[in-house]
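Chemist: Residue numbering for the sequence shown follows my numbering, starting at 140 and increasing by one per position. I have a structure I would like to understand better, so I am pasting it below and will then ask my questions one at a time.
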Amino acid sequence: MTERFHLEHVGVEDPADENRVSGYGKLELFQSEVEYRFNTEDISLEEAELYIHDVLNRLPDDTINHICNRASEWKTEKMMSDTADYSAGLAEAEGRGVLAFMAVGEVELYRNPADPKDKILGAILGGSTDWDTENGMEIVMLGNQVLEVREHLGYGEFAIWTESDE
């Protein structure tokens, strides 16, 4: 039997907003401890842990490949557009090898703001890449579907759901 995922050190992020909480746990794709953040008015702790365990930490191969392909496209475009010195091996990195040049430190979890009954959660995995150290990175997901892999833009849930989803 698989052990249930639990966030560690769960607590209020900001005393001014008791509903914004964070906790720490493993993100399997990057084999690292990350900070997970969410609003308890929208997502319960149990829902957050289930989404992390059942979706984010069990991404299908197609989803992982999609993340890697989009990251590789972004990497190639960025490296062709400037003359910066890059990490050894970055230019040659393909497929899942590109993950070695990416890091995630935080994951924001969201529920559809237009439909609080929508059971599919969204997530933004935030971090960095070796090819765009200035802007940061975000992997935008709805359920286990990859919507974007790009420089950090900071749109929050509006990067996941648009007015047409309402």
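Built from N, CA and C at the ideal position, the CB exists for glycine as well.
Using a 10 Å radius around the Cβ and a threshold of 16 neighbouring Cβ atoms, would you call D271 buried or exposed?
Modeler: Numbered from 1 along the sequence shown, position 132 holds the residue referred to as residue 271. D271 is buried by the Cβ-count criterion.
Chemist: Can you tell me whether K165 is helix, strand or coil according to DSSP?
Modeler: For the purposes of this step, residue 165 is identified with residue 26 of the sequence shown, where counting begins at 1. Strand.
Chemist: Taking the C-alpha atoms as reference points, what is the distance between S211 and W300?
Modeler: Within the sequence shown, numbered from 1, the residue matching residue 211 stands at position 72. Within the sequence shown, numbered from 1, the residue matching residue 300 stands at position 161. Going by the C-alpha atoms only, they are around 25 Å apart.
Chemist: Hey, quick one: how far does the beta strand (DSSP E) through N204 stretch, first residue to last?
Modeler: If you number the sequence shown from 1, residue 204 lands on position 65. Careful: N204 lies outside any beta strand (DSSP E), inside the alpha helix (DSSP H) at D200 to S220.
Chemist: Looking at V160 and R176, is the spacing between their C-beta atoms short of 9 Å?
Modeler: Within the sequence shown, the letter at position 37 stands for residue 176. Within the sequence shown, the letter at position 21 stands for residue 160. Yes. Within cutoff.
Chemist: Would you mind reading off the limits of the alpha helix (DSSP H) that contains I263?
Modeler: If you number the sequence shown from 1, residue 263 lands on position 124. That residue, I263, is in no alpha helix (DSSP H); its beta strand (DSSP E) goes G261 to T268.
Chemist: Quick check: what's the CA-CA separation for K256 versus D193?
Modeler: Sequence index remark: in the sequence shown, residue 256 carries index 117 (1-based). Sequence index remark: in the sequence shown, residue 193 carries index 54 (1-based). One C-alpha to the other measures close to 19 Å.
Chemist: Can you tell me where the alpha helix (DSSP H) with I191 in it begins and where it stops?
Modeler: Translated into positions along the sequence shown, residue 191 becomes position 52. Its alpha helix (DSSP H) spans residues L184 to D193.
Chemist: Could you tell me the alpha carbon to alpha carbon distance between S171 and A223, rounded to whole angstroms?
Modeler: Numbered from its first residue, the sequence shown carries residue 171 at position 32. Numbered from its first residue, the sequence shown carries residue 223 at position 84. Approximately 27 Å, taken between the alpha carbons.
Chemist: Pick out whichever of G162, R235, F240 and L286 has its Cα sitting closest to the Cα of G266.
Modeler: To locate residue 266, count along the sequence shown from 1; it is residue 127. The shortest Cα separation from G266 among G162, R235, F240 and L286 belongs to F240.
Chemist: What does the alpha-carbon distance come out to for the pair M140 and M218?
Modeler: Taking the sequence shown and counting its residues from 1, one reaches residue 140 at position 1. Taking the sequence shown and counting its residues from 1, one reaches residue 218 at position 79. With a pLDDT of 46 at M140, under the threshold of 50, the predicted position of this residue should be treated as unreliable, and no value is reported.
Chemist: Identify whether L146 lies in helix, strand or coil by the three-state DSSP scheme.
Modeler: Locating residue 146 in the sequence shown gives position 7, counting from the first residue. In the structure shown, L146 sits in coil (DSSP, three-state: anything other than H, G, I, E or B).
Chemist: Considering only their Cβ atoms, is the gap separating N283 from G234 smaller than 9 Å?
Modeler: Position 95 of the sequence shown, counted from the first residue, corresponds to residue 234. Position 144 of the sequence shown, counted from the first residue, corresponds to residue 283. No; because the gap between Cβ atoms is not below 9 Å, this pair is not in contact.
Chemist: For K258 and R289, I'd like the C-alpha separation in whole angstroms.
Modeler: For the purposes of this step, residue 258 is taken as the residue at position 119 of the sequence shown. For the purposes of this step, residue 289 is taken as the residue at position 150 of the sequence shown. Cα to Cα, the separation comes out at about 26 Å.
Chemist: Mapping the DSSP letters down to three states, classify L281 as helix, strand or coil.
Modeler: Here residue 281 corresponds to residue number 142 of the sequence shown, with the count starting at 1. Note: L281 maps to strand in three-state DSSP.
Chemist: With a threshold of 16 other CB atoms inside 10 Å of the CB of N274, please say whether the residue is buried or exposed.
Modeler: In the sequence shown, counting from the first residue as 1, residue 274 sits at position 135. Under this definition N274 is an exposed residue.
Chemist: What is the rounded straight-line gap between the Cα of A230 and the Cα of D181?
Modeler: As a position in the sequence shown, residue 230 is number 91, starting the count at 1. As a position in the sequence shown, residue 181 is number 42, starting the count at 1. The alpha-carbon atoms of A230 and D181 are separated by roughly 41 Å.
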